[in-house]
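Going line by line, the protein sequences match chains A and B.
Each position in the first sequence, counted from 1, maps to that position plus 446 in the working numbering.
Each position in the second sequence, counted from 1, maps to that position plus 668 in the working numbering.
No residue lacks a Cβ here, since even glycine has one placed at the ideal position from N, Cα and C.
These notes are about the structure you will find just below.
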Amino acid sequence: MALDNATVRARLMERFGTVVLEASEYRGDLAFRVQPDDLLPLTLFLRDSPDLQYIWLASITGVDYLGREPRFEVVYHLRSLVNQHLVVLKVGVPEEQPHVPSLVPLWPTATYQEREAWDMFGIVFDGHPDLQRILLPEDWDGHVQRKDEPLVYEEVMFSFNHDDVDAQKPYAKE
Amino acid sequence: MAVAERSVGERRAAIYQSGRDGQPDRAFPTPQQVAQAAREIVVPSPRQVIAANARRMKDASQFDQSMVLNMGPQHPSTHGVLRLVVELEGEEVVQLAPDIGFLHTGIEKNMEAKTYQKALVMTERTDYLGPMINNLVYALAVEKLLDCEIPPRAQVGRVLLSELTRMNSYLVWLGTHALDLAAMSVFLYCFRERELLLDIFELVSGARMHTSYIRPGGLAWDFPKEFKATVQHFLNIFPSRIDEYEALLTDNPIWKERTVGVGKLTAADAVALGASGANLRAAGVPYDVRKLFPYSGYENYDFRLITGTEGDTYERYLVRIAELREAVKIAQQALDNLPDGPYATSDRKIWPPPKEEITYSMESLIHHFKLWTEGFKPPKGDAYAAVESGRGELGCYVVSDGSSKPYRVHFRGPSFINLQALPHMAKGKVIGDLIAMLASLDPVLGEVDR
């Protein structure tokens, strides 16, 4: 009893209305744009409705759309195993207030993935039991996957001329 | 003992019956069960474990002491640079937390700075035991963005190579798992067969581990002439080699002592923890991306979805061995039905024209030049593709901003997510079993840290 996009879309529109959801379909994947405040009721509904049963949280990831408003986006991929369907939720997160409710109470699997999104983008997940860095060292400054973080801070110098090397270092500008 | 032995035989028989026609379908856990599991499971961080221990020790008597022990990052049985912060009371694990990130190389960030074609080589550096499958998931995600057709020869070749990669990855799992539990010889036999697989990879791609052979649009080049015979030779001998491993382990009393009933994971817990692959199927959840969300034409192959019931370490072992046999079956079907024809898409905007065409066609020369200097430009949008890797659902989320470089690439590393199950499994068990549980979860640290 596989679900199709139109059914899921109609079901969610009927329950939550167009106010909170902007549905789109791209390459066969059904995506919903959601306000941060609506995320928990929506995911709870998706997981617990007997006809939907999106019980498997596949992935949580952040994207930095620098120069767009809101700047960040948290993308959730939920799978319904019984109905063989994938639904994508996208939550816009403004830069000044990068807060999203945590999904850890619903799925413990969100623990690491939300920590990773915090580590890489600085998105704060409210209600996470211990939101701290996971892949980078604890004392790291900044969030590396933001678009305004450079890939490398200084060019690799292929030179034995130390004056030349020093002149290219960041401290030479001080 | 006799009773236990019979039940082990029965368990093996039940696994080999699962997924067959006429067998009762295993069911997915209900949302209520998942909600219940989610309320109980905690995935602690190292800081929380240390703090909890300090709190407990503040007013504990001298007969009630627990200690925090660091395992790793340099520990042979942690399969890489994994640090486990374990709180111990005698030999019993009170709680533990994996500390990861020692192998973080910024693969996702690096990929944003390369064109789509160049970023491909980064993908196999994540899960370095399953290079072809990593290539495949990235290729599928990019192809979804491009919306391009893949010719049948490439489709079937991809399935064949995926299955060979799965065998490769399971062989390393089996070898190291047995080695951790002090069965040295299994490791040697597994690596003997793995060598044959690596030879096949070298034959098709020129590299043993970092193959970059499956590319967005098709395969890097056509299969060599000897390919069919080499793979057929391997598929002929491999089933009897699986019997050899089983003869060494399945009924081995020491192996059973170390694995039966160790590290149990219920179906609802596994789903709440997002576990996938054999770890999830051993718990009785019939979820395999190849069956439920088929890609690359997996729906055309005849294979069974293997599921267990108990979810312990022994069951994970049995499920993976049964899946090895299924992988041979799929690979044989793919090899028999490998069609002739083009090995990559004919869309010149994605795939460069053949070299000889460049000599007489101006358009071909332009396409060739454009592709290798600029790369192709998928339309704006995002796509998520998932495949069944040796470790579970490997997902790839690619965002395109319309330029020739991916705006964002994210990998849903199954090792990364499966690792969260370890604290829950090991709670209240002895530290010796912790090694068995960790090995049976089969994390690859390259993928955990990316």
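Item	Value
For the beta strand (DSSP E) that E1056/B lies in, which residues bound it at each end?	1049–1056
Could you check if I709/B is buried or exposed, using at least 16 other CB atoms within 10 Å of its CB as the buried criterion?	buried
Helix, strand or coil for N802/B, going by three-state DSSP, please let me know.	helix
On the DSSP bridge list, what partners appear for R561/A?	None; R561/A has no bridge partner.
Between the Cα of E1164/B and those of A951/B, R909/B, D980/B, I882/B, spot the shortest distance and give me the residue it belongs to.	With chain B covering 669 to 1118 only, the question about residue 1164/B has no answer from this structure.
Classify S908/B as buried or exposed, calling it buried when 16 or more other Cβ atoms lie within 10 Å of its own Cβ.	exposed
Establish whether the CB of V671/B and some CB of chain A are separated by less than 8 angstroms.	Note on V671/B: pLDDT 44, under 50, position unreliable in the model; the coordinate value appears next. Not one chain A Cβ lies under 8 angstroms of V671/B.
Could you work out which residues of chain B lie near W553/A, taking near to mean beta carbons separated by less than 9 angstroms?	V702, A706, V939, A940, L941, G942
What three-state label does DSSP hand L992/B in the structure shown?	helix
Could you tell me whether the region 545–560 of chain A touches the region 1084–1102 of chain B, using the rule of 3 or more Cβ pairs below 8 angstroms?	yes
Scan the region 945–978 of chain B for residues whose Cβ lies nearer than 7 angstroms to a Cβ of chain A and list them as they occur along the chain.	Y955, L960, F961
So what does DSSP say about D612/A, is it helix, strand or coil?	helix
At a CB distance below 9 angstroms, what residues from the region 1004–1026 of chain B approach chain A? Give them in sequence order.	none
Could you give the C-beta distance for L814/B and P1046/B, rounded to a whole number, given that I count them as a contact under 8 angstroms?	5 angstroms
How would you call V671/B, buried or exposed, if buried means at least 16 neighbouring beta carbons within 10 angstroms?	Any reading at V671/B must be qualified, since the residue scores a pLDDT of 44, below 50, and its modelled position is unreliable; the value itself is stated next. So V671/B counts as exposed.
What in chain A is Cβ-close to Q716/B, meaning under 9 angstroms?	P575, D576
Taking beta-carbon pairs under 7 angstroms, can you tell me which members of the region 1065–1080 of chain B lie near chain A?	Y1065, V1067, R1076, H1078, R1080
Please give the ranges of any alpha helix (DSSP H) in the region 692–769 of chain B, keeping only runs that are unbroken, at least 4 residues long and fully inside the region.	699–708, 714–726
Whose C-beta lies closer than 7 angstroms to the C-beta of F895/B among residues of the same chain, with five residues either side of it excluded?	L871, V872
If you measure from the beta carbon of I801/B to each beta carbon in chain A, is any gap under 8 angstroms?	no
By the DSSP assignment, the alpha helix (DSSP H) with A943/B in it spans what residues?	Note, A943/B: premise wrong, no alpha helix (DSSP H); not H, not E.
In whole angstroms, what is the alpha-carbon distance linking A787/B and E678/B?	48 angstroms
Which residues of chain A have a Cβ atom closer than 8 angstroms to the Cβ of V710/B, listed in chain order?	P554, P575
How would you call D612/A, buried or exposed, if buried means at least 16 neighbouring beta carbons within 10 angstroms?	exposed
Do the CB positions of R821/B and P1010/B come within less than 8 angstroms of each other?	yes
What are the boundary residues of the alpha helix (DSSP H) that E861/B is part of?	852–873
Output yes or no for whether 8 angstroms exceeds the beta carbon distance between R1016/B and E994/B.	no
Given a cut-off of 8 angstroms on the beta-carbon distance, is the pair L1039/B and V749/B in contact?	no
Report the CB separation of Y838/B from L1006/B in whole angstroms; it is logged as a contact under 8 angstroms.	Not confirmed; about 23 angstroms, so no contact.
Any Cβ of chain A within less than 8 angstroms of the Cβ of E639/B?	Absent from the structure is residue 639/B, since the part of chain B shown begins at 669 and ends at 1118.
Using 8 angstroms as the threshold, is the region 469–485 of chain A in touch with the region 531–539 of chain A, meaning 3 or more CB pairs across them?	yes
So with CB distances below 7 angstroms, who are the chain A contacts of P699/B?	R493, D494, Q499, I501
Pull the bridge partners of D1101/B from the DSSP assignment, please.	For D1101/B, which the question treats as bridged, DSSP gives no partner whatsoever.
Strictly below 9 angstroms CB to CB, what residues from chain B border L458/A?	Within 9 angstroms Cβ-Cβ: nothing; L458/A doesn't reach chain B, min ~16 angstroms.
Measuring CB to CB, does V1077/B end up less than 8 angstroms from E780/B?	yes
What residue ranges within the region 460–526 of chain A form continuous beta strand (DSSP E) runs of no fewer than 3 residues, ordered along the chain?	468–472, 475–480, 502–510, 518–526
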